[in-house]
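Enquirer:
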Amino acid sequence: MAMIYVQQRTSIPIPKVHMCFEHDGTTYIVMDRLKGLCLEQALDDATSQTLRGFATQLAGFVRELRALDPRTMMGSWPSGPYDNLFFDPPPLHEFRDVAEFHSYWIWRLGSEMGLPEVPLALRDVDRPCSVVLTHGDLAPRNIMVDGEKITGLVDWETLGWYPDFWESDTSKRCRRAICLCVARCPFRALG
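Converting from the sequence shown to our numbering requires adding 8 to each position, the first position being numbered 1.
(1) Tell me, which residues are paired with Asp154 by DSSP?
(2) Buried or exposed for Ala107, please, with buried defined as at least 16 other CB atoms from any protein chain shown within 10 angstroms of its CB.
(3) Could you tell me whether the Cβ atoms of Pro23 and Ile158 are closer together than 8 Å?
(4) Can the beta-carbon of Asp77 be found closer than 8 Å to that of Leu161?
(5) By Cβ distance, which residues of its chain are closer than 6 Å to Leu73, with the 5 residues on each side in sequence left out?
(6) Helix, strand or coil for Gly88, going by three-state DSSP, please let me know.
(7) What residue from Arg60, Asp91 and Met82 has the CA that sits closest to Phe109's CA?
(8) Which value, in whole angstroms, describes the spacing of the CA atoms of Tyr36 and His26?
(9) Determine, using beta-carbon pairs with one atom in the segment 50-67 and one in the segment 110-118, whether at least three such pairs fall under 8 Å.
(10) Mapping DSSP to helix, strand and coil, what is Asn139?
(11) Among all the DSSP beta bridges, which residues are the ones paired with Leu45?
(12) Could you give the first and the last residue of the continuous beta strand (DSSP E) run that contains Trp169?
(13) For Val98 and Ser84, what's the separation of their Cα atoms in angstroms?
(14) Determine, using beta carbons only, whether Trp169 and Val14 come nearer to each other than 8 Å.
(15) Per the DSSP calculation, Met27 is bridged to which residue(s)?
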(Lines of atoms letter the chains of each structure in order from A and count residues from 1; the text may use other names and numbers.)
(Lines give C-alpha, C1' and ligand atoms only; values in the text may rest on other atoms or scores of the structure.)
Protein backbone atom coordinates (compact mmCIF):
# COMPACT_ATOMS: atom_id res chain seq x y z
CA MET A 1 0.00 0.00 0.00
CA ALA A 2 1.34 3.41 -1.03
CA MET A 3 0.95 5.11 2.37
CA ILE A 4 2.96 2.43 4.16
CA TYR A 5 5.64 2.44 1.44
CA VAL A 6 6.15 6.20 1.71
CA GLN A 7 5.93 6.21 5.52
CA GLN A 8 8.71 3.61 5.79
CA ARG A 9 11.07 5.49 3.47
CA THR A 10 10.56 9.20 4.22
CA SER A 11 9.84 11.66 7.02
CA ILE A 12 6.64 12.79 5.27
CA PRO A 13 3.82 12.90 7.84
CA ILE A 14 1.23 10.33 6.82
CA PRO A 15 -1.55 8.83 8.95
CA LYS A 16 -0.62 5.43 10.35
CA VAL A 17 -2.62 2.68 8.65
CA HIS A 18 -4.05 0.10 11.06
CA MET A 19 -6.00 -2.08 8.65
CA CYS A 20 -7.56 -2.27 5.21
CA PHE A 21 -10.62 -4.30 4.34
CA GLU A 22 -13.29 -4.66 1.71
CA HIS A 23 -17.00 -4.81 2.43
CA ASP A 24 -19.72 -5.01 -0.22
CA GLY A 25 -17.26 -4.08 -2.97
CA THR A 26 -15.92 -0.98 -1.20
CA THR A 27 -12.38 -0.78 0.21
CA TYR A 28 -11.94 0.83 3.62
CA ILE A 29 -8.77 2.03 5.35
CA VAL A 30 -8.66 2.39 9.13
CA MET A 31 -5.98 4.93 10.04
CA ASP A 32 -5.02 7.54 12.61
CA ARG A 33 -6.77 10.88 12.51
CA LEU A 34 -4.39 13.74 11.76
CA LYS A 35 -4.31 16.84 13.91
CA GLY A 36 -5.52 20.10 12.33
CA LEU A 37 -7.47 21.14 9.26
CA CYS A 38 -6.94 20.72 5.57
CA LEU A 39 -5.03 23.64 4.09
CA GLU A 40 -8.11 24.60 2.08
CA GLN A 41 -9.96 25.36 5.34
CA ALA A 42 -7.01 27.00 7.11
CA LEU A 43 -6.12 29.52 4.40
CA ASP A 44 -8.46 32.29 5.55
CA ASP A 45 -6.49 32.64 8.79
CA ALA A 46 -3.00 31.96 7.39
CA THR A 47 -0.47 34.79 7.16
CA SER A 48 1.91 35.13 4.23
CA GLN A 49 4.71 33.99 6.56
CA THR A 50 2.73 30.85 7.46
CA LEU A 51 2.10 30.16 3.76
CA ARG A 52 5.82 30.52 3.01
CA GLY A 53 6.51 28.03 5.82
CA PHE A 54 4.01 25.57 4.35
CA ALA A 55 5.63 25.94 0.93
CA THR A 56 9.07 25.24 2.41
CA GLN A 57 7.82 22.14 4.24
CA LEU A 58 5.99 20.92 1.15
CA ALA A 59 9.10 21.40 -1.00
CA GLY A 60 11.04 19.20 1.42
CA PHE A 61 8.42 16.45 1.22
CA VAL A 62 8.39 16.59 -2.58
CA ARG A 63 12.20 16.41 -2.59
CA GLU A 64 12.09 13.27 -0.41
CA LEU A 65 9.63 11.55 -2.76
CA ARG A 66 11.67 12.45 -5.81
CA ALA A 67 14.72 10.81 -4.24
CA LEU A 68 12.95 7.42 -4.13
CA ASP A 69 13.04 4.80 -6.87
CA PRO A 70 14.15 6.60 -10.03
CA ARG A 71 12.50 5.29 -13.20
CA THR A 72 12.15 6.23 -16.83
CA MET A 73 8.63 4.83 -17.38
CA MET A 74 5.60 6.86 -16.23
CA GLY A 75 2.71 5.17 -14.44
CA SER A 76 1.09 4.33 -11.13
CA TRP A 77 2.89 3.05 -8.06
CA PRO A 78 4.02 0.28 -7.65
CA SER A 79 3.87 -0.47 -11.39
CA GLY A 80 1.62 -0.42 -14.41
CA PRO A 81 -0.28 2.27 -16.28
CA TYR A 82 -1.90 5.15 -14.42
CA ASP A 83 -4.97 3.94 -12.57
CA ASN A 84 -6.45 6.97 -10.85
CA LEU A 85 -9.07 9.68 -11.21
CA PHE A 86 -6.94 11.89 -13.46
CA PHE A 87 -6.55 9.23 -16.14
CA ASP A 88 -10.05 8.32 -17.29
CA PRO A 89 -10.15 6.38 -19.47
CA PRO A 90 -6.94 4.78 -18.21
CA PRO A 91 -4.01 4.40 -20.58
CA LEU A 92 -3.30 0.89 -21.82
CA HIS A 93 0.36 0.88 -20.75
CA GLU A 94 2.98 2.90 -18.90
CA PHE A 95 4.24 5.87 -20.87
CA ARG A 96 7.79 5.48 -22.18
CA ASP A 97 8.45 9.21 -22.51
CA VAL A 98 6.88 12.64 -22.21
CA ALA A 99 5.77 12.55 -25.86
CA GLU A 100 3.49 9.57 -25.08
CA PHE A 101 2.28 11.34 -21.94
CA HIS A 102 1.40 14.45 -23.96
CA SER A 103 -0.23 12.40 -26.72
CA TYR A 104 -2.56 10.78 -24.20
CA TRP A 105 -3.61 14.18 -22.79
CA ILE A 106 -4.00 15.77 -26.21
CA TRP A 107 -6.25 12.86 -27.23
CA ARG A 108 -8.20 12.93 -23.95
CA LEU A 109 -8.74 16.68 -23.81
CA GLY A 110 -9.48 16.97 -27.49
CA SER A 111 -11.53 13.99 -28.56
CA GLU A 112 -12.78 12.81 -25.17
CA MET A 113 -13.58 16.15 -23.51
CA GLY A 114 -14.11 18.29 -26.59
CA LEU A 115 -11.76 21.17 -25.69
CA PRO A 116 -11.43 23.45 -28.70
CA GLU A 117 -7.72 24.13 -28.09
CA VAL A 118 -4.90 22.09 -26.57
CA PRO A 119 -3.54 23.79 -23.43
CA LEU A 120 -0.13 25.46 -23.82
CA ALA A 121 1.54 23.08 -21.33
CA LEU A 122 0.69 20.14 -23.59
CA ARG A 123 1.87 21.85 -26.74
CA ASP A 124 5.33 22.27 -25.25
CA VAL A 125 6.47 18.71 -26.04
CA ASP A 126 10.13 19.69 -26.16
CA ARG A 127 10.05 20.96 -22.58
CA PRO A 128 12.86 19.12 -20.77
CA CYS A 129 11.68 17.04 -17.84
CA SER A 130 12.58 14.17 -15.58
CA VAL A 131 10.38 11.30 -14.44
CA VAL A 132 9.88 11.53 -10.67
CA LEU A 133 7.91 9.71 -7.99
CA THR A 134 5.30 12.09 -6.65
CA HIS A 135 2.06 12.23 -4.66
CA GLY A 136 0.13 13.18 -7.79
CA ASP A 137 -2.57 15.34 -6.16
CA LEU A 138 -1.06 17.91 -3.79
CA ALA A 139 -4.22 19.98 -3.71
CA PRO A 140 -4.89 21.99 -0.52
CA ARG A 141 -7.65 19.52 0.43
CA ASN A 142 -4.95 16.81 0.74
CA ILE A 143 -2.56 18.82 2.93
CA MET A 144 -3.35 18.82 6.65
CA VAL A 145 -2.03 21.69 8.78
CA ASP A 146 -2.09 22.75 12.42
CA GLY A 147 -0.79 26.21 13.26
CA GLU A 148 2.32 26.66 11.13
CA LYS A 149 3.05 22.99 10.61
CA ILE A 150 2.00 20.50 7.95
CA THR A 151 0.69 17.57 9.98
CA GLY A 152 0.12 15.21 7.09
CA LEU A 153 -0.46 14.50 3.44
CA VAL A 154 -3.49 12.34 2.61
CA ASP A 155 -5.13 10.66 -0.41
CA TRP A 156 -2.19 8.74 -1.82
CA GLU A 157 -4.10 6.85 -4.54
CA THR A 158 -2.45 8.98 -7.24
CA LEU A 159 1.15 8.14 -6.18
CA GLY A 160 3.19 7.38 -9.24
CA TRP A 161 5.94 8.38 -11.63
CA TYR A 162 5.06 11.58 -13.45
CA PRO A 163 6.88 14.24 -15.46
CA ASP A 164 8.46 16.64 -12.98
CA PHE A 165 6.05 19.40 -14.01
CA TRP A 166 2.93 17.42 -12.95
CA GLU A 167 2.53 18.76 -9.40
CA SER A 168 2.94 22.42 -10.34
CA ASP A 169 0.67 22.11 -13.39
CA THR A 170 -2.08 20.23 -11.55
CA SER A 171 -1.99 22.63 -8.60
CA LYS A 172 -3.08 25.40 -10.98
CA ARG A 173 -6.51 23.79 -11.32
CA CYS A 174 -7.42 24.89 -7.79
CA ARG A 175 -9.07 28.19 -6.94
CA ARG A 176 -6.22 30.73 -7.09
CA ALA A 177 -6.51 31.92 -3.48
CA ILE A 178 -6.46 28.34 -2.19
CA CYS A 179 -3.39 27.39 -4.18
CA LEU A 180 -1.03 30.12 -3.02
CA CYS A 181 0.90 27.76 -0.78
CA VAL A 182 1.11 24.94 -3.30
CA ALA A 183 1.95 27.30 -6.15
CA ARG A 184 4.82 28.80 -4.16
CA CYS A 185 6.49 25.42 -3.84
CA PRO A 186 9.34 25.44 -6.38
CA PHE A 187 8.58 21.97 -7.82
CA ARG A 188 10.63 22.47 -10.99
CA ALA A 189 13.64 23.66 -9.00
CA LEU A 190 13.61 20.56 -6.81
CA GLY A 191 15.37 18.42 -9.42
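Don't be surprised by glycine CBs; every beta carbon is placed ideally from N, CA and C. Remember, predicted model here, so these are calculated numbers, not experimental data.
Expert: In short, the structure shows the following:
(1) DSSP output for Asp154 lists Lys157 as bridge partner(s).
(2) exposed
(3) no
(4) no
(5) Leu141 and Thr142
(6) coil
(7) Met82
(8) 11 Å
(9) Contact between the segment 50-67 and the segment 110-118 is absent, because fewer than three Cβ pairs lie under 8 Å.
(10) Looking at the sequence itself, residue 139 is Val, so the reference to Asn does not match. Three-state result, Val139: strand.
(11) Val153
(12) Gly168 to Pro171
(13) The amino acid at residue 98 is misidentified as Val; the sequence shows Pro. Computed Cα separation, rounded: 11 Å.
(14) It is not a contact, given that the beta carbons lie outside the stated cut-off.
(15) Val38
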